[in-house]
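Trainee: Note that our numbering has the sequence shown beginning at 716, numbered continuously upward. Beta carbons are placed, not taken as given, at the ideal position from N, Cα and C, and that holds for glycine. Okay, handing you the structure first.
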Amino acid sequence: VAPYWFWCDGDLIVFTTADNQTASNLRANPDVAVLVDLGVDFGDLRGALIRGHATLYAAGNAVPSPVRACLDAIDRSHSDELARPEFARYDAWEKRDPVYVEVTPTSATWFDIGRTETGRTGPRSGPILTS
């Protein structure tokens, strides 16, 4: 379990990690579960557990354009944080190469505590995630 910045384009989820234990685990077994949650107060808690298949790309190698678009969206959405001195210190400290992870969802279980609702999709028959 690890937190990551991510982007979802409706068909796939993309996140970046260092070449770490997460990347090693996904190379050995590309079956993945991703938990996305939102909200702070109990009544606001909502999210989804998405299961799928991970494909890893090493930095510097060819990255498919849909994955590149998601990576660019991550950078845009976190541009303020990327410009902070704390991130510059982290970036100078982190020596492991980045790994880009593409998750192709196969099913999702969602929840909305405030509305006391849950649901499930799958097997995959169309876009699982919608805005």
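(1) Count the other CB atoms, across all protein chains shown, that sit within 10 Å of the CB of A733; report buried if there are 16 or more and exposed otherwise.
(2) Short of 8 Å in beta carbon distance, which residues of its chain neighbour H768, apart from the five on each side in sequence? Order them along the chain.
(3) May I ask you to report which of helix, strand or coil DSSP gives N745?
(4) When the Cβ atoms of the region 734–744 are set against those of the region 782–797, are three or more pairs found closer than 8 Å?
(5) Only counting the same chain, and skipping five residues up and downstream in sequence, which positions put a Cβ closer than 6 Å to that of A773?
(6) Per DSSP, which one or two residues make a beta bridge with G762?
(7) Can you give, in chain order, each stretch of the alpha helix (DSSP H) that sits fully within the region 789–829 and has at least 4 residues?
(8) Work out the CA separation of W720 and L727 for me, nearest whole Å.
(9) Quick one, are the C-beta atoms of V751 and A763 less than 8 Å apart?
(10) To which residues of the same chain is A788 closer than 7 Å at the C-beta, ignoring the five residues directly before and after it?
(11) In whole angstroms, what separates the C-alpha of E801 from that of V778?
(12) For L786, does the three-state DSSP call read helix, strand or coil?
(13) What separation, rounded to the nearest whole angstrom, lies between the Cα atoms of G834 and V749?
Mentor: Let me lay it out:
(1) Looking at its Cβ environment, which holds fewer than 16 other Cβ atoms inside 10 Å, A733 is exposed.
(2) If you ignore the 5 residues before and after H768, its C-beta comes within less than 8 Å of the C-beta of P745, D746, V747, V818, T819 and T821, all in its own chain and listed in chain order.
(3) Asn is not the amino acid found at residue 745; the sequence shown has Pro there. Assignment of P745 by DSSP, reduced to helix, strand and coil, places it in the coil class.
(4) As far as the Cβ criterion goes, the region 734–744 does not touch the region 782–797, which means the pair count is below three.
(5) Cβ neighbours of A773 beyond the five flanking positions: none.
(6) Its beta-bridge partners are D752 and F826.
(7) As far as the region 789–829 is concerned, its whole alpha helix (DSSP H) runs of at least 4 residues are 794–797 and 800–808.
(8) Roughly 14 Å separates the two Cα atoms.
(9) Yes, these two residues count as a Cβ contact at 8 Å.
(10) Shown here for A788: same chain residues with a beta carbon closer than 7 Å to its own, the five before and five after excluded, namely W722 in chain order.
(11) For E801 and V778, the distance between alpha carbons rounds to 28 Å.
(12) Here L786 sits in helix by DSSP.
(13) In this structure, the CA atom of G834 is about 16 Å from the CA atom of V749.
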